[in-house]
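Number of protein chains: 2
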Amino acid sequence: MDADKVFKALGDPTRRKLLDLLCEQNGQTLGQLCENLEMARQSATQHLDLLEAANLVSTVKRGREKLHFINPVPLHDIYERWVRKFERQRLSLLHDLKQELEGEDR
Amino acid sequence: MDADKVFKALGDPTRRKLLDLLCEQNGQTLGQLCENLEMARQSATQHLDLLEAANLVSTVKRGREKLHFINPVPLHDIYERWVRKFERQRLSLLHDLKQELEGEDR
DNA sequence: TTGACATGCAGGTATTTACCTGCATATTAG
DNA sequence: CTAATATGCAGGTAAATACCTGCATGTCAA
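As given, the protein sequences belong to chains A and B, one line each in that order.
Using the UniProt record's numbering, the first residue of the first sequence is number 1, and each one after it goes up by one.
Using the UniProt record's numbering, the first residue of the second sequence is number 1, and each one after it goes up by one.
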């Protein structure tokens, strides 16, 4: 998993919208997805290319159409590496800050 | 929670390293954090400002020092909004793609 | 008080990014 | 075959980003 590609892919509202659109209906064509975006088709293609590079979307060609499918695996990897780690220490991390704000003896 | 700020903050290796450094030892000063980065202090400050804007890091001034603390809450919010949603549909999403790859009747 | 130390602030630049337009290619329908 | 349709490819531009240098400010210790 390339965390950099995944986070950068997710760091754009258009690409997050594309994921939401695919979540509503998986396997949509480029044309279908474009109907819901207010930009040129070519721009949407570039966004989808980034999502595909991050392995968040997989595509299949069917004739002259290109179908897009969500791949949830990278999101799960992000969870394992970047959420659970901090989640586990959540209480103690907040505790550190609270102590500092209260100005404990030092 | 501002998903855009959080994902953009996470979309840079230096900032993810900063989070890891703070996870190892919470409450570090700017100077301490800089010792582990190969860039000018001013550049590190800019990265920390973005982490703070995304609410991933909180700071407290102590004399002439500035202490940095991780805030795990935005990461948890990301999980709720962007991981669990797709996780729930994980199996069915992969099913869709498998069907397409196998070229079921259509 | 004064010098050392920790950080803040103000620009400047090279790279990346998010758009666009214009044209090419490939597939299907009639 | 031919026209319509779906997508691919090749640039071009304005804005955002990630660095930097230089200097200012604030705090502590001797």
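Using N, Cα and C, we set each Cβ at its ideal position, and we do this for glycine too.
>> Nearest by alpha-carbon distance to Gly63/B: which of Glu38/B, Asp2/B, Thr29/B is it?
In response: The residue among Glu38/B, Asp2/B, Thr29/B with its C-alpha nearest the C-alpha of Gly63/B is Thr29/B.
> Nearest chain B C-beta to His47/A closer than 9 angstroms, yes or no?
Replying inline: no
>> According to DSSP, simplified to helix, strand and coil, what is Arg16/A?
In response: helix
> Can you name, in chain order, every residue of its own chain whose Cβ lies under 6 angstroms from the Cβ of Leu37/A, other than the five neighbours on each side?
Replying inline: Ala44
> Residues of chain B with a CB under 8 angstroms from the CB of Val83/A: which are they?
Replying inline: Neighbours of Val83/A on chain B, chain order: Leu75, His76, Ile78, Tyr79, Val83.
> Near Glu80/A, what residues of its chain come up, given a Cβ to Cβ distance below 8 angstroms and the 5 sequence neighbours on each side ignored?
Replying inline: none
> Quick one: does Lys8/A have its CB under 9 angstroms from some CB of chain B?
Replying inline: By this cut-off, Lys8/A is an interface position.
>> So that I know if they touch, is there some Cβ in chain B lying closer than 9 angstroms to that of Ala53/A?
In response: no
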